[in-house]
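2 protein chains.
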Amino acid sequence: MAVDTFPPIICTVDVVLLTLHDDALHVVLHLRDREPFLGMPALPGGYVHQQEDRDAEDAAVRVLRDKTGIASPYLEQLATLSGPARDPRGWSISVAYYALVPRQLLPVDAAQLRLMPADRLPALPFDHRRIVELAVSRVRVKSHYSSLPVHLCGERFTLPQLQSVYEAVLGEPVNKVSFRRKMDELAMLEPIDGELELGRANRPAQLYRVRREFRRTLSLLERGLGS
Amino acid sequence: MAVDTFPPIICTVDVVLLTLHDDALHVVLHLRDREPFLGMPALPGGYVHQQEDRDAEDAAVRVLRDKTGIASPYLEQLATLSGPARDPRGWSISVAYYALVPRQLLPVDAAQLRLMPADRLPALPFDHRRIVELAVSRVRVKSHYSSLPVHLCGERFTLPQLQSVYEAVLGEPVNKVSFRRKMDELAMLEPIDGELELGRANRPAQLYRVRREFRRTLSLLERGLGS
């Protein structure tokens with residue numbers, strides 16, 4: 205190889221798939237099925253396939269589906285990491301995404317998947333620990349002023365259940381009155397006619413779902429929760 | 205070429221260099237010196253050079269310096285754009301950055317540069333218009349809760365001058381009392397001993413500068429301006 209000839213830059217995507225388990229953010233890791241780092245738990249990731257991917261996000265959706273069986277939850281670009289040292293195969297660019305999924309949509313018996321608490325991760329290959337940290341930080345910040353946490357909820361939930369999800373993501377209690385006002389302002393929920401669930405002390409609580417137009421996107425607050 | 209062989213993915217960086225001119229955000233465009241789009245104004249951009257760049261940000265700093273003469277102002281990753289159609293040369297990934305620079309640091313007589321209002325752009329090649337829109341939106345949102353606009357100021361400024369810069373970026377007036385409280389909270393300014401400037405009605409106004417630790421980074425507000 206001539207001194208001024210270099211192999212192509214490696215172009216990949218990585219996805220931080222987050223869910224809520226035991227009231228804490230967890231990351232879905234995939235046991236690597238090839239070198240480098242064969243057998244290690246890692247973020248679901250893979251090469252961009254220019255013959256089939258319309259863009260990097262399309263590649264992320266494909267990789268997530270192929271490696272975890274999860275189709276199109278909420279998914280957003282997080283950051284792009286690059287350099288000569290992050291991948292032992294050579295100079296690489298990885299476009300990282302994060303995705304949220306309700307716990308009940310995760311496959312229960314997938315031998316190649318591991319569910320790990322986001323704040324107690326095992327050793328991860330590449331710069332995957334850094335990517336998870338970026339994702340958790342982004343999700344926390346964004347949850348203060350948006351409907352993001354609803355993407356961790358199942359299809360139907362009560363307001364107290366939704367508040368618990370927000371509190372688990374934010375890592376702090378939320379004032380109930382202020383929370384309900386902010387949910388009104390987000391205007392992303394609709395009550396399910398006639399559907400009630402027995403809540404605390406057997407008092408029936410209204411069930412809600414996310415309005416269709418916000419099922420794959422976000423509603424934003426003018427000012428954050430707590431203000 | 206065999207049907208399953210593809211040329212390497214094109215890896216580039218693009219930089220949205222923003223400044224304040226006539227109280228409005230402007231973009232510094234560079235007249236392209238090669239095909240495609242030879243001679244058109246475009247974002248300063250170029251290939252990632254794996255032999256010399258430590259990462260994509262390093263490439264962005266290099267490209268900005270080589271094409272505009274601007275060295276290391278505030279620079280932050282914005283988004284990564286990708287796909288088969290955005291660059292006529294083939295499937296490409298561009299890591300986009302935005303940078304802020306005080307007007308007075310721009311070269312005054314650079315024949316290859318054009319200063320254009322961010323909201324009245326000429327036709328731009330590639331998806332550069334979209335990248336500028338993303339950058340302007342990011343800067344506006346971030347200016348609500350951070351020290352970002354100081355990177356548009358010169359080395360010394362009065363508080364009324366800084367408030368004008370915030371107002372120009374946000375596109376709305378800011379309450380003076382609340383603004384001063386927020387600047388105190390950001391704790392990023394220090395008065396310059398004995399340096400005053402004659403302000404309105406010839407009343408002397410204190411000159412400030414950004415504290416050393418915030419000259420290349422941000423200080424963040426707990427709650428945004430206006431709350």
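Quick mapping for you: the protein sequence lines, in order, are chains S and H. Residue numbering for the first sequence follows the numbering used here, starting at 205 and increasing by one per position. Residue numbering for the second sequence follows the numbering used here, starting at 205 and increasing by one per position. No residue lacks a Cβ here, since even glycine has one placed at the ideal position from N, Cα and C.
- If only uninterrupted beta strand (DSSP E) runs of at least 3 residues are considered, none is enclosed by the segment 319-387 of chain H.
- For SER351 (chain S), no chain H residue has a Cβ inside 8 Å of its Cβ, as the nearest lies near 17 Å away.
- Per DSSP, reduced to three states, the secondary structure at ALA260 (chain H) is helical.
- For SER276 (chain S), there is no enclosing beta strand (DSSP E), since its DSSP letter is neither H nor E.
- Taking the Cα positions, SER286 (chain S) is about 12 Å away from ALA264 (chain H).
- Taking all protein chains in view, the Cβ of GLN254 (chain S) is crowded by 16 or more other Cβ atoms within 10 Å, so the residue is classified as buried.
- For GLY250 (chain H), the nearest beta carbon of chain S is not closer than 8 Å to its own beta carbon.
- Within chain S, the residues ARG258, ASP259 have their CB atoms less than 7 Å from the CB of GLY287 (chain H), given in chain order.
- Under the three-state reduction of DSSP, ARG427 (chain S) is assigned to coil, being neither helix nor strand.
- Taking one beta carbon from each stretch, the segment 207-224 of chain H and the segment 417-431 of chain S have fewer than 3 pairs nearer than 8 Å; the two do not touch.
- Segment contact: the segment 271-283 of chain H against the segment 368-383 of chain H, fewer than three CB-CB distances shorter than 8 Å; contact not assigned.
- At a cut-off of 8 Å between C-beta atoms, THR284 (chain S) counts as an interface residue with respect to chain H.
- Proximity of the segment 328-342 of chain S to the segment 410-419 of chain S falls short of the contact definition, fewer than three beta-carbon pairs being nearer than 8 Å.
- Where VAL299 (chain H) is concerned, the enclosing beta strand (DSSP E) starts and stops at 296-304.
- Linking VAL381 (chain S) to ASP331 (chain S) through their CA atoms gives a straight-line distance of about 41 Å.
- LEU390 (chain H) and VAL354 (chain H) have their C-alpha atoms roughly 11 Å apart.
- Neighbours of PHE210 (chain H) in chain S, taken as residues whose beta carbon is under 7 Å from its own, are GLN254, GLN255 in chain order.
- The beta carbon of ILE297 (chain S) sits closer than 8 Å to some beta carbon of chain H.
- Put simply, the segment 318-326 of chain H does not touch the segment 303-314 of chain S. Fewer than three CB pairs are less than 8 Å apart.
- ALA228 (chain S): member of the beta strand (DSSP E) spanning 228-235, first to last residue.
- With its beta carbon at least 8 Å from every one in chain S, CYS357 (chain H) lies outside the interface.
- Ranked by Cα distance from LEU233 (chain S), the options S:LEU224, S:GLY243, S:ASP227, S:PRO248 are led by S:PRO248.
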